[in-house]
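Novice:
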Amino acid sequence: MTLHQEVRSALRELDLRAKKSRGQNFLIHEHVVEAILRLLHLESEDEVLEIGPGLGFLTRRVVADAKKVWAVEVDGRLIEYLQRRDWSARANFQLIAGDILQVPIVDWLPDRKIKVLGNLPYNISTEVLFRLFDLRGHFSCLVIMLQKEVADRLASGPGTKDYGVLSVWCQLHGVVTDKVSVSPEAFFPKPTVRSTVLRIDLREQSLVDEKEFPAMKNLLRAAFGQRRKTLSNGLVTWLQRERGAIDNLLAEHKIDPKRRGESLAVNEFVALMSGLRARGWLVPAQRGLANA
Numbered sequence: 670m671t672l673h674q675e676v677r678s679a680l681r682e683l684d685l686r687a688k689k690s691r692g693q694n695f696l697i698h699e700h701v702v703e704a705i706l707r708l709l710h711l712e713s714e715d716e717v718l719e720i721g722p723g724l725g726f727l728t729r730r731v732v733a734d735a736k737k738v739w740a741v742e743v744d745g746r747l748i749e750y751l752q753r754r755d756w757s758a759r760a761n762f763q764l765i766a767g768d769i770l771q772v773p774i775v776d777w778l779p780d781r782k783i784k785v786l787g788n789l790p791y792n793i794s795t796e797v798l799f800r801l802f803d804l805r806g807h808f809s810c811l812v813i814m815l816q817k818e819v820a821d822r823l824a825s826g827p828g829t830k831d832y833g834v835l836s837v838w839c840q841l842h843g844v845v846t847d848k849v850s851v852s853p854e855a856f857f858p859k860p861t862v863r864s865t866v867l868r869i870d871l872r873e874q875s876l877v878d879e880k881e882f883p884a885m886k887n888l889l890r891a892a893f894g895q896r897r898k899t900l901s902n903g904l905v906t907w908l909q910r911e912r913g914a915i916d917n918l919l920a921e922h923k924i925d926p927k928r929r930g931e932s933l934a935v936n937e938f939v940a941l942m943s944g945l946r947a948r949g950w951l952v953p954a955q956r957g958l959a960n961a
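Taking this note's numbering, the leading residue of the sequence shown gets 670, the next gets one more, and so forth.
1. Cα-Cα, which of G767, E881, V702, G826 is closest to G949?
2. Determine the extent of the alpha helix (DSSP H) in which T795 is found, giving its start and end residues.
3. Kindly list the residues whose CB is nearer than 8 Å to the CB of S690, restricted to its own chain and excluding five residues on each side of it in sequence; keep chain order.
4. For P827, which residues in the same chain have their Cβ closer than 7 Å to its Cβ, ignoring the five residues on either side in sequence?
5. Taking its Cβ as the centre, do 16 or more other Cβ atoms sit within 10 Å of R872, making it buried, or is it exposed?
6. Given a threshold of 16 other Cβ atoms within 10 Å of its Cβ, counted over all protein chains shown, does N936 qualify as buried or as exposed?
7. Indicate the three-state DSSP secondary structure (helix, strand or coil) for L778 in the structure shown.
8. In terms of residue numbering, what span does the beta strand (DSSP E) encompassing D868 cover?
9. Give the straight-line distance between the Cα atoms of L756 and E716, rounded to the nearest whole angstrom.
10. Does the pairing of the stretch 731-749 with the stretch 803-810 give three or more beta-carbon distances under 8 Å?
11. Note down the Cα distance separating V732 from L672, rounded to an integer number of angstroms.
12. E719 to L945, Cα distance in whole Å?
13. DSSP three-state label for A740, please.
14. What would DSSP say about L900, mapped onto helix, strand or coil?
15. What is the DSSP secondary structure of K848, counted as helix, strand or coil?
16. Out of H700, L709, E682, which has the shortest C-alpha to C-alpha gap to E749?
17. Would you kindly work out how many angstroms separate the C-alpha atoms of K951 and V877, rounded to a whole number?
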């Protein structure tokens with residue numbers, strides 16, 4: 670039986686309909702499963718957190734090869750289905766019912782770093798990414814399926830239309846090392862958008878100290894909040910400092926005050942943070958960046 674046939678059979682058996690509100694689209698092409706496993710590069714001692722196992726056709730392959738798998742699923746219908754699979758009784762598999770944005774991940778993850786696997790719902794993918802980056806100390810890599818537009822933002826560089834807060838935040842914490850494009854035909858039901866699977870290898874240390882994450886978030890908001898503003902204008906508004914002081918800060922790091930935020934490379938944002946720190950100008954964020 671092909672994967673497509675297995676998926677259709679499972680949905681008929683359970684009288685299940687994919688919920689658009691949860692971004693449910695089930696993989697039906699075996700070659701995409703193989704591509705994801707290649708990116709995950711499982712070894713026998715690997716432990717994996719899977720976000721959204723769905724019907725479990727990818728999960729069963731991971732459970733067969735990994736030392737331990739934690740799978741977080743929010744849909745009660747799918748949870749019941751997964752619990753009836755023979756492989757779900759294996760000692761190395763733990764199914765957790767809940768929303769990945771709310772479950773207390775750190776309460777049950779081991780002290781050592783694990784891999785993350787997920788087909789992220791398109792409507793909450795950015796929020797999930799920011800949570801994973803905030804918890805990056807627990808993870809060695811992320812292998813995640815995303816809407817192509819979101820994946821492009823993660824991997825984009827300065828001066829491109831996709832470059833923004835999410836791009837910088839991703840690259841502060843990790844490096845996109847591989848990707849696989851996935852067409853709508855690889856899913857049932859077929860989505861209206863293209864997808865991309867990314868592998869992001871997380872850095873041993875973020876390029877910014879964790880204590881300064883809130884201030885960096887505000888710096889990025891100031892830089893990207895209004896794309897027509899020059900960087901100097903954005904920083905004056907955010908920091909409430911005299912323009913001369915802001916321009917001196919930028920000149921110190923060889924940054925033209927007339928440049929726009931989207932032209933700055935990640936290392937230039939890191940340099941600006943050091944300048945803010947030296948002046949005692951670090952300002953904590955007032956709200957999250959998930960919608961930025």
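Glycine is no exception: its CB is placed at the ideal position from the N, C-alpha and C atoms.
Here the structure is a predicted model, which means the values were calculated and not measured.
Specialist: In short, the structure shows the following:
1. E881
2. If you look at T795, you'll find it in the alpha helix (DSSP H) that goes 794-803.
3. Residue confidence for S690 is low, a pLDDT of 45 falling below 50, so the modelled location carries little weight; the figure read from the coordinates is stated next. Cβ within range, chain order: N792.
4. Only residues of its own chain outside the window of five on either side were considered, and among them E931, S932, L933, A934 have a CB closer than 7 Å to the CB of P827, listed in chain order.
5. It is exposed - the Cβ of R872 has fewer than 16 other Cβ atoms within 10 Å.
6. exposed
7. coil
8. Note on residue identity: the sequence assigns Arg, not Asp, to residue 868. Per DSSP, R868 belongs to the beta strand (DSSP E) from 864-871.
9. Here residue 756 is Trp; the residue named in the question, Leu, does not match the sequence. Rounded to whole angstroms, the separation of the alpha carbons of E716 and W756 is 16 Å.
10. no
11. 17 Å
12. 38 Å
13. strand
14. Here L900 sits in helix by DSSP.
15. strand
16. E682
17. Looking at the sequence itself, residue 951 is Leu, so the reference to Lys does not match. Rounded to the nearest angstrom, the two C-alpha atoms are 13 Å apart.
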